[in-house]
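Beneath this line is the structure, given in structure tokens, with notes to follow.
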Amino acid sequence: GDSFLDVGCGSGILSILAKKLGTGKVVGCDIQKEVVEEVALNSELNEVSDIEVVIGSIEDVEGKFDIVVANIEKHLLEPLIPGIVEKAKGTVIFSGILKSQKDEFVKTLERAGLELLEEAGEREWIAFLCRK
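First residue of the sequence shown? That's 1404 in this note's numbering, and the numbers climb one at a time after it.
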């Protein structure tokens, strides 16, 4: 029954996973209009439905979400963080950050008022689980 926002949804992989895990309301947003067809195709291939796609920035998405995820490179992600915090009710997950950028990115999260709960790394990448 939770709600889930996938910022920079691209192919829709995270949105599709959220639906498969039983999330109620799933919204993906992306600035590239091509993703609408890609998410629709990938949803069909994975036998899920009801993923809403908003073309535009996070400000174009209505409502607040229990979980907000963003798998975006740091230089593209940082300007979006205030909007992400605004849309989040509680849990925020960031991935797509290089381990070499960790210290700087953690400071950005703290300045945004997010509490870092956990981090996980794979090769040169790192992900952060935060709470608003």
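By construction, the Cβ of each residue, glycine as well, lies at the ideal position given by its N, Cα and C atoms.
Predicted, not measured: the structure shown is a model, and the values here were computed from it.
Non-local C-beta neighbours of A1491 in its own chain, meaning closer than 6 angstroms and more than five positions away in sequence, comprise V1471 and K1535, ordered along the chain. Check the Cα spacing between D1409 and each of E1450, E1447, N1449 and F1497: the tightest is with F1497. Exposed is the label assigned to D1463, since fewer than 16 other Cβ atoms lie within 10 Å of its Cβ.
Sequence-distant Cβ neighbours of R1514 in its own chain, meaning closer than 6 angstroms and more than five residues away, do not exist here. By the neighbour-count criterion, in which a residue is buried when 16 or more other Cβ atoms sit within 10 angstroms of its Cβ, I1529 is buried. Residue pairing for I1500: DSSP places it in a beta bridge opposite I1529. When the Cα atoms are used, G1427 and K1477 turn out to be separated by approximately 29 angstroms. Taking each of L1532, C1412 and K1422 in turn and checking the Cα distance to V1442, the smallest one comes out for C1412.
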